[in-house]
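Protein sequences appear in the order of chains A and B. Using my numbering, you'd call the opening residue of the first sequence number 2 and step up by one each time. Using my numbering, you'd call the opening residue of the second sequence number 13 and step up by one each time. Every residue gets a Cβ at the ideal spot worked out from N, C-alpha and C, and that includes glycine. Here the structure is a predicted model, which means the values were calculated and not measured. First comes the structure, then the notes that go with it.
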Amino acid sequence: MAPTPSSEPATAVDRFLAHHVVDLPRSGIRDFFAIVAQMPQAISLGIGEPDFVTPWHIREAAIYALERGNTSYTDNRGLYRLRREISRYLARHYGPEYDPDTEVLVAVGVSEAMDLAFRAVLNPGDKVLYHQPCYVSYAPGITLAHGQAIPVETGADRGFGLDPAALRDAWEPGCKVLVLNFPTNPTGGTVDRATLEEIAAFAREKDLLVFSDEIYAELTYEGEHVMFSSLPGMAGRTLLLHGLSKAWAMTGFRLGYACGPAELIEAMMKVHQYSMLCAPILSQEAAVEALRNGDEAVGRMRDEYRDRRDFLVNRFREMGLPCHLPRGTFYAFADVSPTGLDETEFATRLLHEQEVAVVPGTAFGSAGRGFVRASFSTSFRRLIEAADRMERFAGARAAG
Amino acid sequence: MSKVLEFLLRGERLSTAEMAEVLRVAPAEVEREYERLQEEGILLGWMPVLHPDRLGEQRVSAVIELKISPEREGGFDRVAQRVSSFPEVQTCYLMSGAYDLLVVVRGATLHEVARFVSEKLATLGGVLSTATHFLLRPYKEQGHLLLTGEDSLDKPAVSP
Numbered sequence: 002m003a004p005t006p007s008s009e010p011a012t013a014v015d016r017f018l019a020h021h022v023v024d025l026p027r028s029g030i031r032d033f034f035a036i037v038a039q040m041p042q043a044i045s046l047g048i049g050e051p052d053f054v055t056p057w058h059i060r061e062a063a064i065y066a067l068e069r070g071n072t073s074y075t076d077n078r079g080l081y082r083l084r085r086e087i088s089r090y091l092a093r094h095y096g097p098e099y100d101p102d103t104e105v106l107v108a109v110g111v112s113e114a115m116d117l118a119f120r121a122v123l124n125p126g127d128k129v130l131y132h133q134p135c136y137v138s139y140a141p142g143i144t145l146a147h148g149q150a151i152p153v154e155t156g157a158d159r160g161f162g163l164d165p166a167a168l169r170d171a172w173e174p175g176c177k178v179l180v181l182n183f184p185t186n187p188t189g190g191t192v193d194r195a196t197l198e199e200i201a202a203f204a205r206e207k208d209l210l211v212f213s214d215e216i217y218a219e220l221t222y223e224g225e226h227v228m229f230s231s232l233p234g235m236a237g238r239t240l241l242l243h244g245l246s247k248a249w250a251m252t253g254f255r256l257g258y259a260c261g262p263a264e265l266i267e268a269m270m271k272v273h274q275y276s277m278l279c280a281p282i283l284s285q286e287a288a289v290e291a292l293r294n295g296d297e298a299v300g301r302m303r304d305e306y307r308d309r310r311d312f313l314v315n316r317f318r319e320m321g322l323p324c325h326l327p328r329g330t331f332y333a334f335a336d337v338s339p340t341g342l343d344e345t346e347f348a349t350r351l352l353h354e355q356e357v358a359v360v361p362g363t364a365f366g367s368a369g370r371g372f373v374r375a376s377f378s379t380s381f382r383r384l385i386e387a388a389d390r391m392e393r394f395a396g397a398r399a400a401g
Numbered sequence: 013m014s015k016v017l018e019f020l021l022r023g024e025r026l027s028t029a030e031m032a033e034v035l036r037v038a039p040a041e042v043e044r045e046y047e048r049l050q051e052e053g054i055l056l057g058w059m060p061v062l063h064p065d066r067l068g069e070q071r072v073s074a075v076i077e078l079k080i081s082p083e084r085e086g087g088f089d090r091v092a093q094r095v096s097s098f099p100e101v102q103t104c105y106l107m108s109g110a111y112d113l114l115v116v117v118r119g120a121t122l123h124e125v126a127r128f129v130s131e132k133l134a135t136l137g138g139v140l141s142t143a144t145h146f147l148l149r150p151y152k153e154q155g156h157l158l159l160t161g162e163d164s165l166d167k168p169a170v171s172p
């Protein structure tokens with residue numbers, strides 16, 4: 002059912018705006034960003050991207066492509082060389098095999114790929130299950146594709162992994178798609194293979210299509226990362242979404258991709274060719290180099306993130322704020338309820354009193370209530386200083 | 013590689029207390045590790061990396077190629093050792109190829125370096141010839157890029 006506007010249009014131009022866009026909530030992150038932007042001296046743990054600059058060999062590949070005059074459109078699906086490299090990379094590291102001709106689509110970041118996927122499969126009113134707290138764009142993306150977003154809450158008790166029982170409880174007739182994101186932004190949650198298999202069995206039972214955003218796959222610190230599409234029987238109903246932004250520190254290149262059943266990729270390609278046409282060629286050239294020769298740089302960054310994670314999580318615990326150990330991503334998701342403040346008060350007061358920025362958990366959905374996301378994508382010196390300041394702020398309040 | 017060394021090589025200056033904190037060990041243990049690294053000759057010293065042109069003092073560096081004659085006992089070692097002992101010599105390597113020793117010399121002026129080469133190095137017993145190359149402009153110093161953009165990176169302070 003199409004949503005209706007919440008109020009009468011206030012200005013002359015408002016009356017032209019689409020109802021489902023008017024009703025879209027503003028991103029909580031943007032509100033908070035506006036405050037932090039006023040305080041340039043603050044230490045920000047609010048950054049959702051690597052603090053490392055893109056490894057030079059990757060930047061150099063982009064420059065070389067520019068020098069050669071590679072400035073044209075590419076195949077709508079992306080350069081064949083890149084699709085072949087994606088296919089080889091995934092098989093080498095995670096097992097699943099995709100045909101570069103028909104099962105791989107290069108997009109402008111996972112964000113575009115996810116949007117294409119929603120638009121390719123959703124009829125108005127179709128329901129999409131997703132776990133929450135989660136990346137900020139899932140629910141709005143579903144709404145923009147005229148679908149209905151059905152959240153499944155995850156909690157600290159399970160390390161913010163998805164509980165198959167909670168998934169079953171949330172399911173209702175009309176659910177068509179399940180969105181997964183492990184490791185999860187903002188919680189760092191992961192799920193083990195056995196649980197993934199339970200989720201897979203549920204998806205088969207309810208005939209769900211699965212969109213699995215695995216952008217943080219390489220930033221998994223303990224145990225193996227299991228690609229959902231590699232589970233027995235799941236390749237035919239799973240769309241893998243991945244990209245170069247996080248593990249290769251290439252956020253500004255805007256380069257992501259989707260791999261899945263040929264019919265689905267073809268449908269997404271149709272939307273992509275009429276909206277985006279193709280991903281920027283220089284980013285595609287850089288991605289070829291990243292996937293071919295980037296393993297060593299990725300490993301080095303991962304090692305450093307892991308050390309920072311151990312430090313920050315321990316400091317949260319020592320200052321009396323419970324924090325589960327995120328097995329992936331570069332985010333710690335700390336429980337600030339012992340301070341007696343809610344997550345927004347905590348973040349706002351911490352920023353004003355100690356000049357440290359963290360993001361209120363509710364920016365990632367209502368299930369983030371009582372938590373804040375602190376990114377450890379920053380230098381140790383800044384992390385230490387930020388932890389000392391948070392301890393001064395939280396320690397006193399948590400002690401009571 | 014020890015964890016302490018790994019952290020040192022990442023290039024972020026951490027005090028002993030900070031290093032101890034991030035490694036979750038006692039500060040004394042970090043100190044012990046520094047001592048061990050020095051005793052075993054792995055860690056040779058502590059030297060800041062400076063921009064060659066920004067100290068405000070005049071400094072000139074030259075790379076000198078030395079051809080030397082090896083000795084029956086000890087090969088190149090004795091001459092290399094003598095060359096290395098001059099405090100003006102920052103670095104000295106035995107090389108493959110067209111010459112034998114590559115020597116980096118630093119001095120206050122061009123004249124001073126030139127005199128050092130002609131009077132001290134060229135006259136050493138066993139030194140057959142020298143070729144001196146003065147450094148004109150540094151672009152990278154011990155892993156640090158020196159030509160960095162003026163523009164600050166316009167990264168958002170908070171992002172999803």
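Chain A residues whose Cβ lies nearer than 9 Å to that of residue i
{"i": "B:Arg-36", "result": "Asp-311, Phe-312 and Asn-315"}
{"i": "B:Leu-26", "result": "Phe-381, Arg-382 and Ile-385"}
{"i": "B:Glu-41", "result": "The premise fails here: B:Glu-41 is roughly 16 Å from chain A at the closest Cβ pair, so nothing lies under 9 Å."}
Chain-ordered chain B contacts of residue i [CB-CB under 8 Å]
{"i": "A:Ser-45", "result": "Ala-169 and Val-170"}
{"i": "A:Ile-30", "result": "Val-170, Ser-171 and Pro-172"}
{"i": "A:Phe-34", "result": "Pro-168, Ala-169, Val-170 and Ser-171"}
Nonlocal neighbours in the same chain, by C-beta distance under 7 Å from residue i, ignoring five residues either side
{"i": "B:Tyr-151", "result": "Leu-158 and Leu-159"}
{"i": "B:Val-98", "result": "First, the residue type needs correcting, since residue 98 of chain B is Phe and not Val in the sequence shown. Counting only Cβ-Cβ distances below 7 Å, and skipping sequence neighbours, we find Lys-132."}
{"i": "A:Ser-45", "result": "Val-37 and Ala-358"}
{"i": "B:Val-125", "result": "Val-72, Ala-74, Val-117 and Gly-119"}
Closest Cα partner of residue i within the set the options
{"i": "A:Glu-346", "options": "A:Tyr-65, A:Gly-371, A:Asp-100 and A:Tyr-131", "result": "A:Gly-371"}
{"i": "A:Ser-213", "options": "A:Asn-182, A:Glu-198 and A:Arg-205", "result": "A:Asn-182"}
{"i": "A:Gly-160", "options": "A:Gly-190, A:Leu-168, A:Arg-169 and A:Leu-351", "result": "A:Gly-190"}
{"i": "A:Ala-204", "options": "A:Gly-224, A:Ala-171, A:Leu-352 and A:Pro-339", "result": "A:Ala-171"}
{"i": "B:Glu-41", "options": "B:Pro-64, B:His-145 and B:Thr-28", "result": "B:Thr-28"}
{"i": "A:Leu-210", "options": "A:Leu-240, A:Gly-234 and A:Ala-195", "result": "A:Leu-240"}
{"i": "A:Ile-200", "options": "A:Thr-185, A:Pro-165 and A:Ala-35", "result": "A:Pro-165"}
{"i": "A:Arg-303", "options": "A:Leu-278, A:Leu-220 and A:Gly-257", "result": "A:Leu-220"}
{"i": "A:Arg-383", "options": "B:Glu-30, B:Lys-167 and B:Arg-44", "result": "B:Glu-30"}
{"i": "B:Thr-144", "options": "B:Met-107, B:Gly-155, B:Glu-47 and B:Val-129", "result": "B:Val-129"}
{"i": "B:Leu-24", "options": "A:Ile-385, A:Arg-393, A:Ala-287 and A:Gly-396", "result": "The amino acid occupying residue 24 of chain B in the given sequence is Glu; Leu does not appear at that position. Comparing Cα-Cα distances from B:Glu-24 to each of A:Ile-385, A:Arg-393, A:Ala-287 and A:Gly-396, the minimum goes to A:Ile-385."}
{"i": "B:Arg-149", "options": "B:Ser-73, B:Glu-52, B:Arg-22 and B:Gly-57", "result": "B:Ser-73"}
{"i": "A:Arg-374", "options": "A:Cys-176, A:Ala-195 and A:Gly-29", "result": "A:Gly-29"}
{"i": "A:Glu-50", "options": "A:Thr-155, A:Leu-163, A:Trp-249 and A:Arg-238", "result": "A:Trp-249"}
{"i": "A:Arg-31", "options": "A:Leu-163, A:Val-137, A:Thr-103 and A:His-20", "result": "A:Val-137"}
Beta-carbon contacts of residue i that lie in its chain and below 6 Å, excluding the five residues immediately before and after
{"i": "B:Ser-96", "result": "Cys-104"}
{"i": "A:Arg-390", "result": "Gln-355 and Val-357"}
{"i": "A:Leu-80", "result": "Gln-285"}
{"i": "A:Arg-194", "result": "Val-227"}
{"i": "A:Cys-279", "result": "Tyr-74, Thr-75 and Asn-77"}
{"i": "A:Pro-141", "result": "Leu-25"}
Contacts that residue i makes with chain B (C-beta to C-beta distance below 9 Å)
{"i": "A:Tyr-136", "result": "Pro-172"}
{"i": "A:Glu-305", "result": "Arg-22"}
Beta-carbon neighbours of residue i, restricted to chain A and to distances below 8 Å
{"i": "B:Glu-30", "result": "Phe-381, Arg-382 and Ile-385"}
{"i": "B:Glu-153", "result": "The contacting residues do not exist; B:Glu-153 stays about 16 Å from chain A at best."}
{"i": "B:Glu-33", "result": "Phe-312 and Ile-385"}
Interface residues of chain B facing residue i [CB-CB closer than 7 Å]
{"i": "A:Gly-372", "result": "It is worth fixing the name first, because residue 372 of chain A is Phe in this sequence and not Gly. Result: empty, since nearest Cβ-Cβ is about 16 Å, beyond 7 Å."}
{"i": "A:Val-37", "result": "Ala-169 and Val-170"}
{"i": "A:Glu-50", "result": "Ser-171"}
{"i": "A:Asp-214", "result": "What A:Asp-214 touches in chain B: nothing, since even the nearest Cβ is about 13 Å away."}
{"i": "A:Val-360", "result": "Val-170"}
Cut-off 8 Å between Cβ atoms - residues of its own chain near residue i, not counting five sequence neighbours on either side
{"i": "B:Val-101", "result": "Val-95, Val-115, Val-116 and Val-117"}
{"i": "B:Val-34", "result": "Phe-19 and Leu-26"}
{"i": "B:Leu-49", "result": "Ser-14, Val-16, Leu-17 and Leu-55"}
Residue i beta carbon near the ligand ATP (any heavy atom closer than 6 Å)
{"i": "A:Glu-386", "result": "No copy of the ligand ATP occurs in the structure displayed, which carries no ligand at all."}
Give, in chain order, every unbroken run of the alpha helix (DSSP H) that is at least 4 residues long and sits entirely within the segment 158 to 188 of chain A. 165 to 171
Starting from the N-terminal side, write out each stretch of the alpha helix (DSSP H) that is 4 residues or longer and does not extend beyond the segment 117 to 154 of chain B. 122 to 127
For the 8 Å Cβ check, are there 3 or more pairs between the segment 74 to 85 of chain B and the segment 125 to 139 of chain B? yes
Could you tell me which uninterrupted alpha helix (DSSP H) segments, each at least 4 residues in length, are contained entirely in the segment 16 to 58 of chain A, listed from first to last along the chain? 20 to 23 and 29 to 38
Under 8 Å, with one C-beta from each stretch per pair, do the segment 140 to 152 of chain A and the segment 270 to 277 of chain A reach the 3-pair mark? no
Suppose only complete runs of 4+ residues qualify. What are the alpha helix (DSSP H) ranges in the segment 92 to 133 of chain A, listed by chain order? 110 to 122
Considering only residues of the segment 231 to 317 of chain A, which uninterrupted alpha helix (DSSP H) runs meet the minimum length of 4 residues and lie entirely inside it, listed in chain order? 263 to 276 and 282 to 294
Below 8 Å, can you find three or more Cβ-Cβ pairs linking the segment 294 to 312 of chain A to the segment 113 to 120 of chain A? no
Minimum length 3: unbroken beta strand (DSSP E) runs contained in the segment 93 to 118 of chain B: Correct list: 101 to 106.
Taking contact to mean at least 3 C-beta pairs separated by less than 8 Å, is the segment 116 to 136 of chain A in contact with the segment 251 to 267 of chain A? yes
Contact between the segment 61 to 77 of chain A and the segment 275 to 291 of chain A is defined here as three or more beta-carbon pairs at a separation below 8 Å; is this criterion met? Contact between the segment 61 to 77 of chain A and the segment 275 to 291 of chain A is established, with three or more Cβ pairs separated by less than 8 Å.
Looking at C-beta atoms only, is the number of pairs between the segment 325 to 338 of chain A and the segment 81 to 97 of chain A that lie closer than 8 Å three or more? no
Write down every uninterrupted run of the alpha helix (DSSP H) in the segment 38 to 89 of chain B whose length is 4 residues or greater and which is fully enclosed by it, in chain order. 39 to 51
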